[in-house]
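Peer 1: First the structure, then my questions, so here it is.
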């Protein structure tokens with residue numbers, strides 16, 4: 001009989017077996033193994049090649065230590081060069097901190113905006129009718145909106161940079177309060193802040209930050 005299992009040829013049985021769908025679990029397992037191999041192929045030592053997050057602060061501390069420890073042993077051109085290095089490192093610290101604050105703030109605002117309910121900016125009607133508004137008016141209103149937003153963003157960045165400068169100036173003053181007593185010609189003397197800046201060679205660094213702060217006031 002054709003309908004019975006005995007009537008089915010061996011070739012037909014082979015074709016039925018080969019037409020069965022593959023096991024999904026085996027496929028998933030294979031893909032996971034491939035992904036794990038790809039992850040292991042990345043050398044863990046590559047992460048050590050990335051720049052350190054504290055590189056600017058460590059460079060600034062190193063310059064300060066060299067100036068304080070070897071100031072009397074260095075020539076005038078060398079001390080002047082170290083002052084320039086100190087100013088460059090300070091600018092790099094301020095720039096890096098400003099960029100970090102800006103990126104973090106932007107990310108937070110993007111996340112906040114993403115989770116808010118999406119609403120379009122309503123166009124203001126012009127003319128004699130309540131719903132009379134043209135394409136040019138919409139473009140003008142959009143330009144005004146963007147200009148206002150950019151102005152607010154510019155002021156926010158200025159405030160953030162000025163806040164960083166104030167913190168750096170306060171660090172210098174705190175260092176002066178702790179080390180204001182110095183030995184000059186064998187006698188212990190308490191220096192005023194400006195005298196201490198000149199004595200330690202940090203007057204140019206302070207002048208740079210104070211000038212930038214006053215320009216942002």
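In UniProt numbering, the protein residues as written are 1 to 217. Where a beta carbon is used, it is the ideal one built from N, C-alpha and C, also for glycine. From a predicted model like this one, the values you see are computed outputs, not experimental measurements.
Terminal residues of the continuous beta strand (DSSP E) containing residue 190?
Peer 2: First-last of the beta strand (DSSP E) with residue 190: 187-190.
Peer 1: Put residue 53 into one of helix, strand or coil per three-state DSSP.
Peer 2: Residue 53 falls in the coil class under three-state DSSP.
Peer 1: Could you spell out the range, first to last residue, of the alpha helix (DSSP H) harbouring residue 72?
Peer 2: Careful: residue 72 lies outside any alpha helix (DSSP H) and carries neither H nor E.
Peer 1: May I have the straight-line CA-CA distance separating residue 161 from residue 87, to the nearest angstrom?
Peer 2: Their Cα atoms are separated by approximately 16 Å.
Peer 1: Please identify the residue among 62, 35 and 206 whose C-alpha is closest to the C-alpha of residue 194.
Peer 2: Comparing Cα positions, the closest option is 206.
Peer 1: Just to confirm, are residue 216 and residue 158 a CB contact at a threshold of 7 Å?
Peer 2: The answer is yes: Cβ separation under 7 Å.
Peer 1: Taking residue 82 as the reference, give the member of 197, 170, 95 and 62 with the closest Cα.
Peer 2: Among 197, 170, 95 and 62, the Cα nearest to that of residue 82 belongs to 62.
Peer 1: At the level of alpha carbons, what is the spacing between residue 71 and residue 79?
Peer 2: Approximately 7 Å, taken between the alpha carbons.
Peer 1: Assuming residue 182 contacts residue 199 under a Cβ cut-off of 8 Å, what Cβ separation, rounded to an integer in Å, is found between them?
Peer 2: Indeed they touch by this definition, with Cβ atoms about 6 Å apart.
Peer 1: Restricting to Cα atoms, I'd like to know which of 97, 185 and 210 is closest to residue 170.
Peer 2: It is 210 whose Cα lies nearest to the Cα of residue 170.
Peer 1: In terms of residues, what are the limits of the alpha helix (DSSP H) holding residue 213?
Peer 2: Per DSSP, residue 213 belongs to the alpha helix (DSSP H) from 203-215.
Peer 1: Is the beta carbon of residue 180 sitting closer than 7 Å to the one on residue 191?
Peer 2: Yes; because the gap between Cβ atoms is below 7 Å, this pair is in contact.
Peer 1: So which of 177, 167 and 184 has the shortest CA-CA distance to residue 98?
Peer 2: Measuring from the Cα of residue 98, the nearest candidate turns out to be 167.
Peer 1: Between the C-alpha atoms of residue 208 and residue 92, what's the straight-line distance to the nearest angstrom?
Peer 2: Cα to Cα, residue 208 sits roughly 13 Å from residue 92.
Peer 1: Please name the residue in 189, 32, 110 and 203 whose C-alpha comes closest to that of residue 173.
Peer 2: Residue 173 has its Cα closest to that of 203, out of 189, 32, 110 and 203.
Peer 1: Measuring only from the beta carbon, is residue 165 closer than 6 Å to any heavy atom that is part of the ligand MN?
Peer 2: The model depicted lacks the ligand MN and carries no ligand whatsoever.
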